[in-house]
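First up is the structure itself, then whatever we jot down about it.
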RNA sequence: CGGGGCGUAGCGCAGCCCGGUAGCGCGCCUGCUUUGGGAGCAGGAUGUCGGAGGUUCAAAUCCUCUCGCCCCGACCA
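Residue numbers (the working numbering): 90 to 661.
Put into structure tokens, the structure is as follows:
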């Protein structure tokens, strides 16, 4: 295609609204434009990238035996009420009424719709396993959309749903998708890691997230430096401490700590380290309040806490509640004499002696508090975030933390949806059984954004070849008849050889074209101009690394073929 | 929802404190020259100053309300 016929509104300046690299470059390279917060138009170049990623997804989903269908964006409330998610999903679910005052929502995910289809249309185990997928626009009314396509409200998602007769089959389907995702992200040229994940609102038992490693990622990943263990920090397990602290117990002593509330303030005031202090945090979990004891140098993992308490959500108690339960303002709560709530503790609290704790009295702490002697704990559990240096919970090594962008997630759902919606099939004995389900998502736009986060330099984007909007960027830097005719010939030769070619045929100066080309980031630039043609060559520039080559026009196709096969990632 | 910031030409911004005919750079249009890393000269077009109300002889500027957007946090496939 020719630049003169495409809308590619590149920007010289960084738009003020964008902070992250991918958001900025997507706007500057003319890939997207914002319509409202978290809602974007894909311009021609941006759409081509989306389509390339979709194509890779389709090929791999087909290879994995999944079949494509397309569900509606709007779905009726009744289906959501069947599973309870009409109430449970909260404000993220965008609801509206039709002209008959019937409740509808825009689909944030499609378990209900696909399960409804399945129960109506599939009767026999002979038809299983089944895996349906679609690539479709989703809507989630996110609290805070941000970073362009990274966290939009409206976004393109590939979602797949598997149905099996039994657990064993479901696990095969799950692994099958896991493998397909690995191929997809590899083909997209991404450095990623599959990590164990929490299941959140979707539910189910087993889940992995595919994380593209990047400093701008919103998620934290803990992984073993030597073994294969890797998990989202929300999920990463921490083993109980193995060594007992045998320090001699000292007498419990109250101590005035005026206005010292935080771990930093108290430890600085008493000249102790954070691990010599045990925090007492009051949480609201459903209708209950609980106290959580945790070492001063640790952080409570609220996902773990919620899972232990079997609630969907926990939050720190507000100051009034703290005052009511402990008799003092926040900052001085402690386990001694705490009557009205259950006291839970992280494993690590068992391994420390002579610690500082709050005294449930304003401006007062205790020193040398000791478990069992001075206070008791109802239950110990893994309640903290893993930290760098913690031993890997499974396999060798210690944990390292890194940031990641979640581009995909796979879930083994079990019967969570099939049970609520009564999606049954007949087994070989003619008996009804609940289908075992899995679901699998990929954020298409987010994958594009993640690719930019991983592949760019100070001049612009450097697209991995397989998802580049075009393979080759033909730049004519002279307006002469000779240059134009050579370019015209090359343009059709390269297209005939199977390459997607963008020809910058604008009458602009060379510098403008070079800068735009670097910004847009097509992997190979081919520069045709009078200067080179006088020597009988055209110039090739490899965007990644900037290597320049001089090639005779007649050798160009063969040359690019060789280069492509050497490029990392290779042509699919 | 809490905290912070911003809405002035297509983009980036100044002007606002201290009220007095709306500016700069880039881009855009016309012409000429130029043409291998964001050209030069000359001429030109483009604004409900986010919106509503108020104060005032006079509001981009002061006051009130409101809408939108960005960032941090809470939240989240």
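A virtual CB, placed ideally from N, CA and C, is assigned to each residue, including glycine. On a predicted model such as this, the values are computed, not experimentally measured, just so you know.
Three-state secondary structure assigned by DSSP to residue i
i: residue 144; result: helix
i: residue 236; result: coil
i: residue 559; result: coil
i: residue 466; result: coil
i: residue 424; result: coil
i: residue 601; result: helix
i: residue 624; result: coil
i: residue 644; result: helix
i: residue 139; result: helix
i: residue 661; result: In this prediction, residue 661 scores a pLDDT of 37, lower than 50, which makes its location untrustworthy; the coordinate-derived value is nonetheless stated afterwards. The answer is coil: DSSP assigns residue 661 none of H, G, I, E or B.
i: residue 100; result: coil
i: residue 128; result: strand
i: residue 740; result: No information on residue 740 is available, as it lies outside the stretch 90 to 661 that the chain covers here.
i: residue 94; result: helix
i: residue 369; result: strand
i: residue 364; result: helix
i: residue 118; result: coil
i: residue 692; result: Since the first residue of the chain shown is 90 and the last is 661, residue 692 is not available in this structure.
i: residue 586; result: coil
Residue nearest to residue i in terms of C-alpha spacing, selected from the options
i: residue 382; options: 315, 631, 441; result: 441
i: residue 662; options: 536, 393, 281, 499; result: Residue 662 is absent from the model: the chain starts at 90 and stops at 661.
i: residue 535; options: 211, 313, 240, 595; result: 240
i: residue 67; options: 366, 349, 364, 365; result: With the chain covering only 90 through 661, there is no way to say anything about residue 67.
i: residue 645; options: 607, 166, 196, 575; result: 575
i: residue 494; options: 195, 100, 299; result: 299
i: residue 104; options: 92, 91, 121; result: 121
i: residue 432; options: 561, 378, 444, 409; result: 378
i: residue 612; options: 560, 593, 142, 193; result: 560
i: residue 236; options: 320, 522, 107; result: 107
i: residue 467; options: 521, 389, 398, 558; result: 398
i: residue 482; options: 278, 117, 311; result: 311
i: residue 221; options: 185, 164, 528, 130; result: 528
i: residue 154; options: 595, 135, 249; result: 249
i: residue 566; options: 297, 97, 614, 140; result: 614
i: residue 505; options: 531, 586, 584, 294; result: 294
i: residue 488; options: 135, 326, 94; result: 326
i: residue 323; options: 308, 268, 128, 564; result: 308
i: residue 642; options: 623, 636, 521; result: 623
Residue i, enclosing alpha helix (DSSP H) - first and last residue
i: residue 436; result: Looking at the DSSP string, residue 436 is not in any alpha helix (DSSP H), and its letter there is neither H nor E.
i: residue 327; result: First-last for residue 327: undefined, no H or E at that position.
i: residue 408; result: 408–415
i: residue 253; result: Counting along the chain, residue 253 falls outside any alpha helix (DSSP H), though it belongs to the beta strand (DSSP E) covering 243–253.
i: residue 663; result: Because residue 663 is not part of the residues shown, which for the chain are 90 to 661, the question remains open.
i: residue 168; result: 166–172
i: residue 393; result: 391–398
i: residue 354; result: 352–359
Beta-ladder partner(s) of residue i, from DSSP
i: residue 157; result: 222
i: residue 629; result: 615, 638
i: residue 577; result: The partner list for residue 577 (beta bridge, DSSP) is empty, contrary to what the question assumes.
i: residue 513; result: 523
i: residue 593; result: 564
i: residue 488; result: 313
i: residue 281; result: 301
i: residue 321; result: 310
i: residue 653; result: In the DSSP output, where bridge partners are listed per residue, residue 653 has none listed.
i: residue 480; result: 487
i: residue 455; result: 343, 446
i: residue 550; result: 545
i: residue 529; result: 249, 499
heavy atom of the ligand SAH below 7 angstroms from residue i C-beta
i: residue 336; result: The ligand SAH is not part of this structure, which contains no ligands at all.
The beta strand (DSSP E) enclosing residue i, as first and last residue numbers
i: residue 200; result: Here residue 200 belongs to no beta strand (DSSP E); instead the alpha helix (DSSP H) covers 200–210.
i: residue 405; result: 403–405
i: residue 460; result: Premise fails: residue 460 is in no beta strand (DSSP E) and is neither H nor E.
i: residue 186; result: 184–186
Check: Should the region 326–338 be regarded as contacting the region 351–358, the criterion being three or more beta carbon pairs within less than 8 angstroms?
Finding: no
Note to self: For the pair the region 593–610 and the region 645–656, tell me if three or more CB-CB distances fall below 8 angstroms.
What the structure shows: no
Check: Counting Cβ pairs, one atom from each stretch, are 3 or more of them under 8 angstroms apart for the region 205–224 and the region 243–263?
Finding: yes
Notebook entry, point to check: Touching or not, the region 111–118 and the region 535–553, by the rule of three or more beta carbon pairs under 8 angstroms?
Noted result: yes
Notebook entry, point to check: Do the region 445–464 and the region 413–424 meet, that is, are 3 or more Cβ pairs less than 8 angstroms apart?
Noted result: yes
Checklist line | At least 3 beta-carbon pairs within less than 8 angstroms: the region 411–419 vs the region 309–323 | finding: no
Next item on the list: Check whether the region 359–373 touches the region 390–407, counting contact only when three or more Cβ pairs, one atom from each stretch, lie closer than 8 angstroms.
Entry: yes
Notebook entry, point to check: How do the region 467–487 and the region 262–271 stand: do at least 3 beta-carbon pairs fall below 8 angstroms, yes or no?
Noted result: no
Margin query: Contact between the region 193–206 and the region 177–185 is defined here as three or more beta-carbon pairs at a separation below 8 angstroms; is this criterion met?
Written below: yes
Margin query: Using a Cβ distance threshold of 8 angstroms, determine whether the region 495–504 contacts the region 222–231, with at least three qualifying pairs required.
Written below: no
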